[in-house]
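Presented below is the structure to which this report refers.
2 protein chains.
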Amino acid sequence: MNKVNIPEKLACFRDHWNPRIVGELNGQHVKLVKFKGEFVWHKHDDEDEMFYVLQGEFKMEFRDKTVMLRENEFLIVPKGVEHRPVAVDEVSVMLFEPASTLNTGDTKGELTREALEKI
Amino acid sequence: MNKVNIPEKLACFRDHWNPRIVGELNGQHVKLVKFKGEFVWHKHDDEDEMFYVLQGEFKMEFRDKTVMLRENEFLIVPKGVEHRPVAVDEVSVMLFEPASTLNTGDTKGELTREALEKI
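Same order as they appear, the protein sequences are chains A and B.
Heads up: the first sequence at position 3 corresponds to 3 in the UniProt record's numbering, and the numbers run straight through without jumps.
Heads up: the second sequence at position 63 corresponds to 63 in the UniProt record's numbering, and the numbers run straight through without jumps.
Shown next as structure tokens:
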């Protein structure tokens with residue numbers, strides 16, 4: 001039962017689109033990830049996903065609209081909804097989602113990350 | 001599917017020990033709460049609970065130790081573990097926990113808040 005310091009954890013990695021697990025509770029994972037550039041369109045059939053911006057900003061694209069997310073803002077993407085994060089500059093994000101969640105959802109490919117590192 | 005701006009939500013209320021619901025996903029609630037003073041000792045038999053400090057600091061007391069939590073730090077309190085938050089000055093905290101979680105756990109009393117407001 002140790003506390004987690006978010007800036008310290010963010011300083012542990014520099015790569016993009018590669019979430020790290022920093023907490024687990026009630027079958028959910030708390031993850032940190034850095035985005036830069038365009039991700040892939042995907043959806044999660046069974047998991048809602050929360051994106052909380054710690055530093056920077058990015059836009060979440062949906063098929064019918066775009067939501068700009070800035071520091072201290074969060075968005076919950078419901079299961080089944082196609083989405084694509086796009087970040088012009090690097091952004092640090094905290095994710096809150098079921099432990100079963102795969103980063104690329106139903107679009108497996110080179111950006112898919114399985115067996116995430118715990119830091 | 002609207003974004004949530006945390007500072008705007010925090011500006012909506014001023015009372016202490018009265019969590020507001022600002023998000024729901026996968027059967028979990030995202031809540032905002034302000035602490036000031038001493039809460040009651042309690043535990044949650046079935047729910048792990050995450051405390052993320054947005055602004056300020058507080059200490060989480062356990063029966064055998066105390067953890068000081070500052071801005072941008074979080075702590076996960078596992079189910080069954082007795083705890084008591086204490087804040088000398090006001091602190092703003094984000095909670096992640098199952099929708100079933102009662103703020104005072106197994107210690108019902110005047111600080112118990114049921115049917116929380118969604119803001």
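Positions of the beta carbon are idealized from the N, C-alpha and C atoms, including for glycine.
Inset, instruction - With 8 Å as the threshold, decide whether the Cβ of Ile119/B is near any Cβ in chain A. - result: no
Legend entry - Stretch-stretch touch, CB-based, cutoff 8 Å, three pairs: the segment 33-46 of chain B with the segment 90-98 of chain B: yes
Legend entry - Local conformation of Glu73/B per DSSP, three classes: strand
Inset, instruction - Flag Asn18/B as yes if its beta-carbon sits less than 8 Å from any beta-carbon of chain A, otherwise no. - result: no
Inset, instruction - For chain A, find out if any of its Cβ atoms is closer than 8 Å to the Cβ of Gln28/B; answer yes or no. - result: yes
Inset, instruction - State buried or exposed for Thr104/B, treating a residue as buried only when at least 16 other CB atoms are found within 10 Å of its CB. - result: buried
Legend entry - Contacting positions in the segment 21-51 of chain A - beta carbon closer than 8 Å to chain B: Gly23, Glu24, Leu25, Asn26, Gln28, Val30, Glu47, Asp48, Glu49, Met50
Inset, instruction - Could you please give me the residues that DSSP links to Glu57/A through a beta bridge? - result: Arg70/A
Legend entry - Rounded straight-line distance, which links the Cα of Asn5/B to that of Glu73/A: 4 Å
Inset, instruction - Could you confirm whether any beta carbon from chain B is found closer than 8 Å to the beta carbon of Phe13/A? - result: no
Inset, instruction - Would you check if the distance between the CB atom of Gln28/A and the CB atom of Ala115/A is smaller than 8 Å? - result: no
Inset, instruction - Provide the residue(s) that pair with Asn5/B in DSSP beta bridges, ordered along the chain. - result: Glu73/A
Inset, instruction - Note the first and the last residue of the continuous beta strand (DSSP E) segment covering His29/A. - result: 28-38
Legend entry - Spatially closest choice to Gly23/A from Leu111/B, His83/B, His16/B, Ile76/B, by CA coordinates: Ile76/B
Legend entry - Minimum Cβ-Cβ distance from Leu75/B to chain A less than 8 Å: yes
Legend entry - Residues in the segment 81-96 of chain A having any Cβ partner in chain B nearer than 8 Å: Val81, Phe96
Legend entry - Backbone CA spacing between residue 185/A and Tyr52/A [nearest angstrom]: Because chain A is modelled from 1 through 119, residue 185/A falls outside the range shown and cannot be assessed.
Inset, instruction - Kindly indicate if chain C contains any beta-carbon less than 8 Å away from that of Asn103/B. - result: Note that chain C does not occur in the displayed structure, where the protein chains are A and B.
Inset, instruction - Within 10 angstroms of the Cβ of Glu66/B, are there 16 or more other Cβ atoms? Answer buried if so, exposed if not. - result: The sequence shown places Thr at residue 66/B, not Glu. With fewer than 16 Cβ atoms within 10 Å of its Cβ, Thr66/B is classed as exposed.
Inset, instruction - Kindly indicate the opening and closing residues of the beta strand (DSSP E) around Leu95/B. - result: 84-98
Inset, instruction - At 7 Å on the CB atoms, spell out the chain A contacts of Lys3/B, in chain order. - result: Val67, Leu69, Glu73, Phe74, Leu75
Legend entry - Selection from Glu117/A, Met68/A, Asn26/A, Arg84/A that minimises the alpha carbon distance to Phe62/A: Arg84/A
Inset, instruction - Would you identify the three-state DSSP class for Leu102/B, choosing helix, strand or coil? - result: coil
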